[in-house]
Amino acid sequence: MPEIAYIKNNKVLKKRIIPCLDIKNGRTVKGINFVSLTDAGDPVELAKAYVQQGADELVFLDITATIENRSTLLHLVEKIANEINIPFTVGGGINSVEDVYSLTQAGADKVSVNSSAVKRPELISEIASRFGSQCVVVAIDTKKEKTGWKVYTHGGRTPTIISTLDWAKRAEELGAGEILLTSMNNDGTKSGFSLDITQTIAEEVNIPVIASGGAGAKEHFADVFLNTKASAALAASIFHFDEIPIQELKKYLKTKNIPIR
Amino acid sequence: MIAIIKYNAGNIKSVQNALSRLGVESMVTDNKSDILNADKVIFPGVGEAGSAMTYLQDRGMDILIKSITRPFLGICLGQQLMCSHSEEGDTNCLNIFNVNVRKFPSTDIVPHMGWNTLYDLKGDIFTKSENNEDVYFVHSYYAELCENTSATCTYILPFSAALQKDNFFATQFHPEKSADVGDKILKSFMEL
């Protein structure tokens, strides 16, 4: 059978491929199962390379997010905004509308909130009413337990008793524009996205869901787009180390008739 | 000099960044004479229609904008504010384009967020573009199709992805965030 010709005039919204850059002290790092960090390069250079390769959007997560390195981050965001012509999200340590103001002033298109929103959910509505829902990505780290999928905070270190589905729905009500859903069971394993919780959340909310955690092969992206209503898929290390070049991944997904830019 | 209109809506910096990547100098301003004397004017925006219109009216910017005769480009909320009326906050807008802005029905995910395809291109900002190219959208409200439609896109239903009337241009998508495809559109506008 010849390679399926991709019909370019598909009048539909495309599924997004989003490289994520974890930032620590101005450098890109990637942990495996949220620990053991290895240096993966200069974030601005990586970001530019991803844009060239056809990334649809970028996410930068400041995983140290201390007050001391806040100005380093803002400076980095400014550099990124000057260099790239696709949307990007910045997350990590965002606790207030003022934090969002400085990040958007530096050039971020969206911000991602996680632990701070679990602690004080009104933060979501405060950001949405000031900057619009499109500006607020609610990141949820989740782990499957005997009692079901639960929300974790503080980079996956702190368990909560909050049900992931309840939290996702609440976040939508409060004005979240998107949910970035990371399955901690899958993260770093390269065994594929969690189709289970991704589909549960994507079915139940009417805002875009970004699947995250576990991508290790091109097929994993096809699986998540063919089996769930996820709008986007996010991955980090497989893109940093060029294990799966973005162009190749997108070409492959097109052969599966998945709408891709 | 390009004037980028400063008002109470976000996303202004990214337009300025995009222009500087293209080697074009611009100023972000709400000074009326600067805006009137600029070679071109860009009216960007992400925000809420009602409060944005109130802000513009309170400062007489609504009348100013309609009097501009140089090439003028509204982006995203900017496009919506150039229409007659928006369902967002039941807002009377600038009425440069005689068309209404409606909310997407919630039969699919709203907002329409991400890359989607442009069709039925016509008009001066698409001289370097082709049908079938993808651009970046993020919006919950859309301008209906009308005689000023200069590009269409379909999400839930077909809508005006771009509008043009005389010197007034508008795009619902974000050319400044649409990679090379967006840069071509901005370049065409700059060359008008």
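Respectively, the protein sequence lines represent chains S and D.
Last residue of the first sequence: 260 in numbering that gives the first Met the number 0, with the numbers rising by one and none dropped.
Last residue of the second sequence: 191 in numbering that gives the first Met the number 0, with the numbers rising by one and none dropped.
Glycine included, each C-beta is placed from N, C-alpha and C at the ideal position.
Note that the C-beta distance between S:I16 and S:A175 is not below 8 Å.
Annotation: D:D29 to S:L122 spans about 30 Å, alpha carbon to alpha carbon.
Proximity of S:L12 to chain D, defined by a Cβ-Cβ separation below 8 Å, is satisfied. Of the candidates S:K250, S:H239 and S:A107, the residue whose Cα lies closest to the Cα of S:R26 is S:H239.
For D:S85, not one C-beta of chain S is nearer than 8 Å to its own C-beta.
Counting only residues of its own chain and dropping the five nearest sequence neighbours on each side, S:E125 has a CB closer than 7 Å to the CB of V96. Interface criterion not met: the Cβ of D:G73 is under 8 Å from no Cβ in chain S. Among the bridge pairs identified by DSSP, D:M26 is matched with D:A2. Looking at the DSSP output, D:I74 bridges to D:T170.
Assigned with DSSP and collapsed to three states, D:N97 falls in coil, not helix or strand.
Taking the CA atoms as reference points, S:R260 sits about 15 Å from D:P174.
Using a Cβ-Cβ cut-off of 8 Å, S:I206 counts as an interface residue toward chain D, since at least one Cβ of chain D sits closer than that to its own.
The beta carbons of D:D133 and D:V98 sit about 24 Å from each other, so the pair does not count as a contact at 8 Å. When Cβ-Cβ separations below 8 Å define contact, D:R58 makes no contact with chain S. Relative to S:L20, the option among S:D55, S:P42, S:K14 and S:V11 whose CA is nearest is S:P42. Counting the other CB atoms within 10 Å of its CB gives S:Q51 a total below 16, which places it among the exposed residues.
Here the C-alpha atom of S:K109 lies approximately 16 Å from the C-alpha atom of S:E171. Interface criterion not met: the Cβ of S:R156 is under 8 Å from no Cβ in chain D. Of D:G77, D:N36 and D:D38, the smallest CA-CA separation from D:N7 is found for D:G77. By DSSP's assignment, S:I22 forms a beta bridge with S:T27 and S:D61. In the DSSP secondary-structure assignment, S:D140 is bridged to S:Y151 and S:T181. Taking C-alpha positions only, D:S128 is separated from D:G122 by approximately 11 Å. Put simply, the segment 17 to 27 of chain D does not touch the segment 244 to 257 of chain S. Fewer than three CB pairs are less than 8 Å apart. Proximity of the segment 138 to 146 of chain S to the segment 101 to 121 of chain S meets the contact definition, three or more beta-carbon pairs being nearer than 8 Å. Within the same chain, and ignoring the five residues on either side of D:Y140 in sequence, the residues whose Cβ sits closer than 8 Å to its Cβ are A48, Q79, S85, E86, E87, V100, R101, K102 and F103. Contact annotation, D:C75 with D:V45: C-beta distance approximately 6 Å; criterion of less than 8 Å satisfied. D:N16 belongs to the set of residues whose beta carbon lies under 8 Å from a beta carbon in chain S. When C-beta distances to chain S are compared with 8 Å, the residues of the segment 25 to 58 of chain D below that value are V45, G46 and E47, in chain order.
The DSSP-derived three-state label of S:K217 is helix.
The DSSP assignment places 217 to 226, 236 to 239 and 245 to 254 as complete runs of the alpha helix (DSSP H) inside the segment 202 to 258 of chain S, in order along the chain (cut-off: 4 residues). Against D:I108, the close residues of chain S are N205, I206, P207 and S230, in the order they occur along the chain (beta-carbon pairs closer than 7 Å). Cβ proximity to chain S below 8 Å picks out H173, E175, K176 and S177 from the segment 165 to 177 of chain D. Within the same chain, L21 and K127 come within 7 Å of D:K186 by CB-CB distance, once the 5 residues on both sides are set aside. Ranked by how close their Cα comes to the Cα of D:E146, the residues D:T153, D:C152 and D:Q163 have D:Q163 in first place. For the options D:S159, D:Y135, D:N131 and D:T153, the alpha carbon positioned closest to that of D:L144 is the one of D:S159. Residue environment: D:M60 is assigned as buried (16 or more neighbouring CB atoms within 10 Å of its CB, all protein chains considered).
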